[in-house]
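Structure, as C-alpha cells:
Chains as they are written, first to last, in my numbering: chain H, 68 to 180; chain E, 3 to 114.
Encoded structure:
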C-alpha cells in the first residue's frame with residue numbers, strides 16, 4: 068500500500084515562528100502536493116511539485132514556500148507564521164500516469180497563537 | 003477557470019436511506035471527474051472516478067455518472083450505512099494538468 072506520512076498530526080506555534088511541515092511518500096511518486104483544508108472552503112492547493120527541485124504555485128501560495136530535495140520528501144515552510152494560517156494541512160502524492168488518483172496523508176493540524 | 007460546486011451540507015440520513023450528493027463542474031474541454039471520501043481523523047481517499055462522458059464510476063455501493071450535457075457528476079448510494087459517515091469531495095482534473103480542483107465538501111452523517 069502507498070503510504071504518505073506527515074511528520075506531525077498536531078502543532079501549536081506562535082505568531083512569527085518559522086514552521087516546517089514534512090511529508091514523506093514511499094511509492095516513488097513523481098508528483099507531490101500541499102493542500103490546505105478549511106471549513107466551508109474545502110481543499111485549496113498551496114504548492115505542487117512534479118520532480119525533485121521543481122515546484123509550481125497553487126491557488127494560495129502567499130506566506131508559504133516549499134522544498135523538494137529528494138523525490139520522497141516534500142516540505143512546506145511557513146517563514147513567519149500568522150494566525151490566519153491556522154488550518155489543517157494535507158500532503159498528497161501521485162504518479163504522473165495515475166490519471167488523477169492522489170494518495171493523501173492524515174493531515175497536520177496547525178494552530179498559530 | 004475550472005471549478006466544482008457541490009451541494010451544501012451537512013446531510014443527515016437514517017441507515018438504509020437513499021443518498022444523493024450533487025456535484026456540477028465548470029471546465030473547458032473534457033475533464034476527468036472524481037469523488038474522494040474523508041473518514042473522521044483520516045486523509046482523503048479516492049472513492050470513484052470517470053474519465054469521459056457517460057462513464058459510470060462505482061465503488062463500495064456508490065455510483066456516479068459523468069453527464070457532459072448537464073456538467074454533473076452526482077454521487078448516489080441506494081442504502082447508506084453508519085460506516086458511510088464521512089466528508090465527500092467532488093473533484094476535477096483537466097487533461098494535461100496533474101492538479102485536481104476540489105469542491106468544498108459535503109459532510110454526511112448516517113444515524114442507526
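Glycine is no exception: its CB is placed at the ideal position from the N, C-alpha and C atoms.
Residue nearest to residue i in terms of C-alpha spacing, selected from the options
i, options, result
"residue 15 of chain E", "E:98, E:92, E:83", "E:83"
"residue 75 of chain E", "E:42, E:104, E:3, E:40", "E:104"
"residue 121 of chain H", "H:100, H:108, H:156, H:78", "H:100"
"residue 149 of chain H", "H:171, H:177, H:124, H:170", "H:177"
"residue 89 of chain E", "E:102, E:96, E:46", "E:46"
"residue 2 of chain E", "E:52, E:53, E:62, E:4", "Here chain E comprises residues numbered 3 to 114, so residue 2 of chain E is not present and cannot be evaluated."
"residue 49 of chain H", "H:77, H:85, H:93, H:79", "Residue coverage of chain H in this structure runs from 68 to 180, which leaves residue 49 of chain H outside it and unanswerable."
Residue-level contact to chain H via CB, residue i, 7 Å cutoff
i, result
"residue 109 of chain E", "no"
"residue 104 of chain E", "yes"
"residue 77 of chain E", "no"
"residue 97 of chain E", "no"
"residue 48 of chain E", "yes"
"residue 59 of chain E", "no"
Within chain E, the residues that residue i reaches when beta carbons sit closer than 8 Å
i, result
"residue 141 of chain H", "Under the 8 Å cutoff, chain E gives no residues; its nearest Cβ is about 14 Å from residue 141 of chain H."
"residue 161 of chain H", "100"
Per-residue contacts from residue i into chain E (C-beta, under 7 Å)
i, result
"residue 98 of chain H", "100"
8 Å CB neighbourhood of residue i in its chain, flanking five on each side removed
i, result
"residue 142 of chain H", "87, 88, 89, 90, 133, 134, 135"
"residue 13 of chain E", "21, 23, 108, 109, 110, 111"
"residue 116 of chain H", "98, 99, 100, 122, 123, 133, 135, 141"
is_contact[residue i, chain E] using C-beta, thresh 7 Å
i, result
"residue 130 of chain H", "no"
"residue 168 of chain H", "yes"
"residue 84 of chain H", "no"
"residue 89 of chain H", "no"
"residue 110 of chain H", "yes"
"residue 136 of chain H", "no"
"residue 173 of chain H", "yes"
Beta-bridge partners of residue i, as assigned by DSSP
i, result
"residue 162 of chain E", "Residue 162 of chain E falls outside the range modelled here, since chain E spans only 3 to 114, and no answer is possible."
"residue 103 of chain E", "E:94"
"residue 47 of chain E", "E:39"
"residue 76 of chain H", "Answer is none; residue 76 of chain H lacks a bridge partner."
"residue 100 of chain H", "H:115, H:159"
"residue 166 of chain H", "DSSP, once it has assigned bridges, lists no residue as partnering residue 166 of chain H."
Contact set for residue i: own chain, Cβ-Cβ below 6 Å, skip 5 residues either direction
i, result
"residue 55 of chain E", "68, 70"
"residue 73 of chain E", "26, 27"
"residue 138 of chain H", "119"
"residue 140 of chain H", "91"
"residue 180 of chain H", "81"
"residue 36 of chain E", "51, 93"
"residue 174 of chain H", "155, 157"
Cβ-based neighbour list, residue i, same chain, cut-off 7 Å, excluding 5 preceding and 5 following
i, result
"residue 168 of chain H", "161"
Chain E residues whose Cβ lies nearer than 9 Å to that of residue i
i, result
"residue 117 of chain H", "100"
Chain H contact residues for residue i, given Cβ-Cβ distances below 8 Å
i, result
"residue 34 of chain E", "166, 167"
Contact test: residue i Cβ vs the ligand PLP heavy atom, cutoff 6 Å
i, result
"residue 79 of chain H", "Looking for the ligand PLP in the displayed structure turns up nothing, as the structure carries no ligands at all."
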